[in-house]
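Counting in full-length UniProt numbering, the sequence shown runs from 1 upward without gaps. We put the CB at the ideal spot given by N, CA and C, even for glycine. Computed from a prediction, not measured in an experiment: that's the story for all the values here. Worksheet: one structure, shown below.
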Amino acid sequence: MLKIAFDPLYTHPLPEGHRFPMLKYELIPGQLLYEGLITEENIFSSPAVAEDIILLTHQKEYWEDLRDLTLGPREVRRIGFPLTAQLVERERRIAQGTIDGCMYAREYGVAFNVAGGTHHAGSNWGEGFCLLNDQAVAANYLLSNRLASSVLIIDLDVHQGNGTAQIFENVPEVFTLSIHAEKNFPFRKERSDLDIGLDLGTGDEAYLQILTSTLEPLFSRLKPDFVFYLSGVDVLATDKLGHLALSREGCRERDRRVFELCKKYEIPVQVSMGGGYSKRITDIVEAHCNTFRVAHSLYF
1 MLKIAFDPLY THPLPEGHRF PMLKYELIPG QLLYEGLITE ENIFSSPAVA
51 EDIILLTHQK EYWEDLRDLT LGPREVRRIG FPLTAQLVER ERRIAQGTID
101 GCMYAREYGV AFNVAGGTHH AGSNWGEGFC LLNDQAVAAN YLLSNRLASS
151 VLIIDLDVHQ GNGTAQIFEN VPEVFTLSIH AEKNFPFRKE RSDLDIGLDL
201 GTGDEAYLQI LTSTLEPLFS RLKPDFVFYL SGVDVLATDK LGHLALSREG
251 CRERDRRVFE LCKKYEIPVQ VSMGGGYSKR ITDIVEAHCN TFRVAHSLYF
């Protein structure tokens, strides 16, 4: 069964005119339900992740400043959201949703979080709409509980996964791959195990060729126990913040190639949705929904 983490708190209220498309988090499951691809049985909601699990990944002082709402104004501006107790609760539920998704992926092959992909959060900072790094938290949970010994994080958001890279910089059990637009946020990048910075305007053909030639050898060499996939749709040509040139069909094919490799090597994969900032919310939601559709067609 395809299991999908979602909670009404995912759609967090923001000041009028804020550029983050928060509405997508309720539209994605709504569209999948409307199509009949899923039912309410496919959707689960998770509680807030425990503090001891957060502290496997994030530094104590940073976490306590988040929890107690005592981050300084500069740190809050770096995050990009007004800091509230509800926002912190939202982030904790997203992180636990990704952990729970890992358990479902171990059972069914693949599982999703409608939100997450908060890869700009480092061990002691938040940035770029990211407070807690959900996939890093989940990866450390798997490792600490001996549910995996070798993890591959495939980050295909248009922006480099700088927080993820920093968290796992000296962790040999986790291999971090980021394929992103080179001349784009974050402008101070961290070092992933493998960074591929693409030229602005890279389109379907070049992108997919690079993806395949990168992933095939990695899967063969690493043979990971678990894969995390960050499937941001800000790679689309329509995206305001991405500056790559993928079509919706190219983005869908990207997803297919990732899932086919996970299936070929029989590796469970947890998927968090990451970014998407196209002007039309329809473009964002359709591209995200395609990721679910492709997984459903391959696994179920």
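- Message: Any contact between the segment 219-234 and the segment 263-283? By contact I mean 3 or more CB pairs, one from each, below 8 Å.
- Response: yes
- Query: At a cut of 8 Å, does the segment 72-83 reach the segment 106-114 through at least three beta carbon pairs?
  - Reply: Below 8 Å, too few C-beta pairs join the segment 72-83 and the segment 106-114 to call them touching: fewer than three.
- Task: Spatial neighbours of L56 within its chain, please: CB distance less than 8 Å, with the 5 preceding and 5 following residues excluded, ordered by chain position.
- Result: V137, N140, Y141, S144
- Query: Can you tell me whether R92 is buried or exposed, with buried defined as 16 or more other CB within 10 angstroms of its CB?
  - Reply: buried
- Let me know the secondary structure DSSP gives L2 once reduced to three states. coil
- Residue from E16, A245, I43 whose Cα sits closest to the Cα of P29: When C-alpha distances from P29 are compared across E16, A245, I43, the shortest belongs to I43.
- If I'm right that S192 touches A165 with Cβ under 8 Å, what's the distance once you round it to whole angstroms? About 4 Å separates the Cβ atoms of S192 and A165, confirming a contact at the 8 Å cut-off.
- Message: Checking the sheet assignment: what are the DSSP bridge partners for Y229?
- Response: I154, V271
- Item | Cβ-Cβ distance between L200 and H243 below 8 Å | yes
- Where does the unbroken beta strand (DSSP E) through residue 307 begin, and where does it stop? Missing from the structure shown is residue 307; the chain here goes from 1 to 300 and no further.
- Item | Bounding residues of the beta strand (DSSP E) (the contiguous stretch that carries G197) | Run containing G197: 194-198, per the beta strand (DSSP E) assignment.
- Query: How many angstroms separate the CA atom of L71 from the CA atom of E205?
  - Reply: 44 Å
- Query: Taking the beta strand (DSSP E) that H180 falls in, what are its first and last residues?
  - Reply: 174-181
- Query: What is the DSSP secondary structure of D68, counted as helix, strand or coil?
  - Reply: coil
- Item | Own chain, CB closer than 6 Å to I94, minus 5 neighbours either side, in chain order | A115, G116, D134
- Close-in-space but distant-in-sequence residues of the same chain around E173 (CB under 7 Å, 5 per side omitted): L143, S149, S150, V151
- Which of helix, strand or coil does DSSP assign to F259? helix
- First and last residue of the uninterrupted beta strand (DSSP E) at N113: 110-113
- Starting from K24, trace the alpha helix (DSSP H) both ways and give me its first and last residue. Looking at the DSSP string, the run of the alpha helix (DSSP H) that includes K24 is 24-35.
- Give the C-beta separation of L37 and H296 to the nearest angstrom, bearing in mind that I take them to be a contact with Cβ-Cβ under 8 Å. 6 Å
- Name the two residues that bound the continuous alpha helix (DSSP H) containing V294. 281-299
- Query: From which residue to which residue does the alpha helix (DSSP H) around L218 run?
  - Reply: 204-222
- Looking at the C-beta of I153, does it have a partner C-beta in chain B at a distance below 8 Å? The chain inventory of the structure shown lacks chain B, comprising one protein chain alone.
- Message: Let me make sure I understand the geometry here. Which of A181, E286, S247, V233 has the alpha-carbon closest to that of Y277?
- Response: V233
- Item | Close-in-space but distant-in-sequence residues of the same chain around D255 (CB under 7 Å, 5 per side omitted) | S231, N290, T291, V294
- Can the beta-carbon of I179 be found less than 8 Å from the beta-carbon of L198? yes
- Query: If you compare alpha carbons, which of H120, E266, P8, D195 is closest to P47?
  - Reply: P8
- D239, DSSP secondary structure in three states: Here D239 sits in strand by DSSP.
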